[in-house]
Each structure stands twice: as C-alpha cells, then as structure tokens.
Ligand SMILES: [Fe+2]
Ligand SMILES: [Fe+2]
C-alpha cells in the first residue's frame, strides 16, 4: 500500500521569532514530527512526506536550515515544492543535495508510487502572494502526464485553484489555474489536486478533478466568509494529511486528516460497557 503524508505551510522563522508575533511555528513543526513519528508505528509503511510550500516565512537560508534541523527527526524522507513565503534560490541551495531538487528553473518533480504518480509543481511568483504556473511548469506537467500514461495522478501545488470562501485567500489562489484544469480535464486517468496555502482542510470536486487543501501544523486561517472579513489567523489544532492507496473495495487514494497533539485513549471498544449502548 503506497502512502505519503502531506505536511504544508510550516512557516519556519529564525529562533526566537513568532509568525505574526503570535504563532510559534517551530514548536508546531516539532510537535508534528513527534506526533507523526508516533503514528508511523500504527499506520504501516509510509513512503515519504511531501511538503507543499511555505516551508519558511521569509525564504531565508537561516530559516531553511532551521526547517531542516527540525524535520530531520521525522522518520521519513521528504520532497518539497515552494509557496509564496519561500525563496526559490535559497530553497534550491538548502536542498541542493536532494535528488528531487532541479539544478535550475522551477522546483518541480514527479514521483512514481506504483499505482499512482505525484507531480509536484512550483506556483511561486516571487514578489507576489498569489500563485502562477509558468510555461516551464506547464511543459513539465505535459511531459509528466504523458509518462503517467493514464494511471491516477496527484498534482501537488502550494496555491489551490478552488476557492475556500475566505475572500482574501481566494484572491491569492493559483490565478492561472483555469489553464491547469483544462490540461487535467484532458488527461485520460483520475486526477487529484492537493494544495496548501489556506491552512485549513477543504475538499471540492471541480469537473473530474478532486481538489483538496490541507491544514498546517501551526496556525489556521480564520474561517470568516463574510464580505468584509478581516483576514486573520487563529490557533486551531494543527494537522497533517495521510494519503494511502487502498485496493478495496475499489482502488483509491484515501486521505485521512491527522490532528497534531496528544489525545486521551485509545480504549478498546470491546468490554468497555456491560450494557449495549442504545
Ligand atoms: Fe501559508
Ligand atoms: Fe501560502
């Protein structure tokens, strides 16, 4: 059963700094690593983690070194793509020795998991918060889709195309996502798109493409769908997302949101009550 864990929007800062003066993002990633390592013993083999952007808050070398130091404790290899808070060249330098990091151009890669392929795309437009897929990105996608040959594909991006209902986040989505969706609609196999950026767990079916946005280990974006909402962060529980390929009852990639933290239990259901529950 091939499987991977999506970690997104870790927003690591230099030591002693909080994101927006409030959110201890390093502590959140530490907690995520601890929590995921504990779960790995229960959820069977997981091939790798995929980090879908905003690894750092300002895209500096110092922040990437801190990110690497924290995530080094995770008992999984990982691949990553950049988000709007990343710096492409600083990220390239930080991960230059990784086999998934291209020497030049967009940070994009494809990974064959057997029954499905994950295609990581770079939607970072330096100086902008919204996302943009470059011509090189579309060319890479076309080639990767051809190589996938009709088997299920997962497109990993930082910026989603789907809207969340949070106006300020939706204004900064993948602005040329319509062209991406056209390509994906034309693909002969099933397509999933997994993204970050909104720091919340969302799902939508757009045509033939199942779109998901994953929660972050740190702060969430406040769910306020009013017209004049002030875009805000909120310290809701952090999360990561497990994706496991199951062959039954029909072959499918099943996603499972993993809350970060320690929780009471587990207690076996059997023998807990003398009387059957009603
Ligand atoms: Fe983010
Ligand atoms: Fe972002």
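Numbering (this note's numbering), first residue to last: 358 to 635.
Idealized CB from N, CA, C, for every residue including glycine.
- For secondary structure counted as the beta strand (DSSP E) over 3 or more consecutive residues, the stretch 435-503 holds these complete runs in sequence order: 435-438, 466-469 and 474-477.
- Within the model, the alpha-carbon separation for residue 369 versus residue 504 is close to 35 Å.
- Within 10 angstroms of the beta-carbon of residue 626 lie fewer than 16 other beta-carbons, which makes it exposed.
- Annotation for residue 612: the continuous beta strand (DSSP E) segment containing it runs 609-616.
- The distance from the Cβ of residue 618 to that of residue 594 is about 6 Å, consistent with a contact at the 8 Å cut-off.
- The set of residues with a C-beta under 5 Å from any non-hydrogen atom of ligand 2 comprises 411, 440, 441 and 554, given in chain order.
- Measuring C-alpha to C-alpha distances from residue 428 to each of 408, 361 and 442 identifies 408 as the nearest.
- Contact between residue 435 and residue 406 is confirmed by a C-beta separation of about 4 Å, below the 8 Å threshold.
- Going by C-alpha positions, residue 528 is about 10 Å away from residue 521.
- When the five nearest sequence neighbours on each side are left out, the beta carbons in the same chain lying within less than 6 Å of the beta carbon of residue 588 are those of 525, in order along the chain.
- Residue pairing by DSSP puts residue 599 in a beta bridge opposite 362 and 613.
- DSSP, read as helix, strand or coil, puts residue 407 in strand.
- Straight through space, the alpha carbons of residue 592 and residue 604 are spaced by roughly 37 Å.
- With contacts defined by Cβ atoms closer than 8 Å, residue 396 and residue 615 form a contacting pair.
- Non-local C-beta neighbours of residue 568 in its own chain, meaning closer than 6 Å and more than five positions away in sequence, comprise 519, 550 and 561, ordered along the chain.
- Under the three-state reduction of DSSP output, residue 540 falls in the helix class.
- Under the three-state reduction of DSSP, residue 563 is assigned to strand.
- Secondary structure of residue 582 (DSSP, three-state): coil.
- The beta carbon of residue 566 lies closer than 6 Å to those of 541, 548 and 550 in the same chain, with the five residues before and after it left out.
- Take residue 464, set aside five residues on each side of it, and the residues of its chain with a beta-carbon closer than 6 Å to its own are 438, 439 and 479, in chain order.
- DSSP, reduced to helix, strand and coil, places residue 399 within a helical segment of the structure shown.
- By the C-beta density criterion, residue 380 is buried, having at least 16 other C-beta atoms within 10 angstroms.
- Going by beta carbons, residue 393 and residue 367 fall outside the 8 Å limit.
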